[in-house]
Each structure stands twice: as structure tokens, then as C-alpha cells.
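Have a look at the structure below, then the notes.
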Amino acid sequence: VTVTRQYERFTDVLDDAIDARIYLGIHFRTPDVQGAEIGEDVAHWLDKHYFQPVK
156 VTVTRQYERF
166 TDVLDDAIDA
176 RIYLGIHFRT
186 PDVQGAEIGE
196 DVAHWLDKHY
206 FQPVK
């Protein structure tokens, strides 16, 4: 059976991935959610410091 998932936002993908890791018994929810928050902070920092318009 092939299932194709479609998402409107990246956060939907992230939520799905976190749930999958928990359902498989790989992780607990809290560290995965905290890791996602850290990743979002890093992405915002990179966007602010490295992806600026060319002058």
C-alpha cells in the first residue's frame, strides 16, 4: 500500500515526524518538541544573518 501525504506547511510535516517517532517508541515527545523549537530558532537566525538581499 502506497500512501502519499500532502502538507500545506512545514510545521505539519514536523508534527507528523514527531508523532511517528513517538508511535514507534524511538523518542519521548518533550525532547522532540524542544528540538523542533531549537531548529526553528536556528532557522530564523540563519535567515536574519545569511539570507539578506544583495546590495
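FYI, in the working numbering the residues of the sequence shown are 156 to 210.
C-beta atoms are modelled at their ideal positions from N, C-alpha and C, and glycine is treated no differently.
For the pair ILE181 and HIS199, the Cα-to-Cα distance works out to about 28 Å.
Residues of the same chain with their beta carbon placed closer than 6 Å to that of ASP196 are lacking, with the five preceding and five following residues left out of the count. Annotation for HIS199: the continuous alpha helix (DSSP H) segment containing it runs 184-205. THR157 carries a coil assignment under DSSP once its states are collapsed to helix, strand and coil. The Cβ atoms of ILE173 and ARG164 lie no closer than 8 Å to each other.
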